[in-house]
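I have placed the structure first, in the form of C-alpha cells, so that the comments after it can refer back to it.
In the working numbering, the protein residues as written are 7 to 167.
So, in C-alpha cells, the structure goes:
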C-alpha cells in the first residue's frame with residue numbers, strides 16, 4: 007500500500023477518480039468568480055458545484071470506511087479465501103449503491119456545468135465523464151481486488167522467506 011502502482015495501491019483508482027472529479031469542479035468558470043454570478047446559468051452552475059463538492063467529500067469518506075471494513079474482514083478471514091471473498095463481496099454490495107449514486111451525481115454535475123463552459127471544455131467533459139463514472143462505479147470492486155492482491159503478495163513474500 008502507498009506505492010504509485012495502482013495494482014499495489016487499491017486507493018489509487020479511487021483517488022484518481024476523486025481527483026478528476028475535483029478537477030472538474032475546480033475547472034469551471036463559476037468557481038473562479040469572486041462575486042455572485044449575475045447570469046442565472048452561472049449561478050445554477052455555482053450552486054451545483056458546491057453541492058457536488060459536498061457529495062464528493064461524503065463519497066470519499068464512505069469509500070475510506072468501506073476499505074477499512076474490507077481490510078478488517080480480510081484480516082479476520084485469515085487463510086480462508088472463500089470467507090474473505092464472501093465477506094468482502096457483502097461489504098462491496100452494501101457500498102455499491104453509494105458509488106452508483108455518486109456516479110449519477112457526477113453526471114448531473116457535468117450536465118449543470120456544460121452551459122457555462124467554452125466548447126473545448128465541453129468536449130473534454132464529454133470524453134472524461136464516462137471514464138470517471140466507470141472508475142467511480144467500479145470503486146468497491148477495485149478496492150476489494152487491490153486488497154486481495156496486496157494480501158496475496160504479502161503471503162507470497164512471507165512464504166518465500
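Even for Gly, the Cβ is constructed at its ideal location relative to N, Cα and C.
>> I need the straight-line Cα distance from residue 165 to residue 85, nearest angstrom please.
In response: Against the chain shown, residue 165 aligns to sequence position 159. Against the chain shown, residue 85 aligns to sequence position 79. A direct Cα-to-Cα measurement between residue 165 and residue 85 gives close to 13 Å.
> Which residues in the same chain have their Cβ closer than 6 Å to the Cβ of residue 135, if we skip the five residues on either side of it in sequence?
Replying inline: By one-based count along the chain shown, residue 135 stands at place 129. Apart from the 5 residues on each side of it in sequence, residue 135 sits with its Cβ closer than 6 Å to the Cβ of 116 in its chain, given in chain order.
> In terms of alpha-carbon separation, which member of 82, 76, 112 and 149 lies closest to residue 55?
Replying inline: Working through the chain shown from its first residue, we reach residue 55 at position 49. Relative to residue 55, the option among 82, 76, 112 and 149 whose CA is nearest is 112.
>> For the alpha helix (DSSP H) containing residue 104, name the first residue and the last one.
In response: Indexing the chain shown from 1 puts residue 104 at position 98. Here the alpha helix (DSSP H) through residue 104 covers 87-119.
> So, helix, strand or coil for residue 134, using DSSP?
Replying inline: Numbered from its first residue, the chain shown carries residue 134 at position 128. Residue 134: helix per DSSP, three-state reduction.
> Is residue 62 near residue 101, with beta carbons less than 9 Å apart?
Replying inline: Residue numbering aside, residue 62 sits at position 56 when the chain shown is read from its first letter. Residue numbering aside, residue 101 sits at position 95 when the chain shown is read from its first letter. No, these two residues do not count as a Cβ contact at 9 Å.
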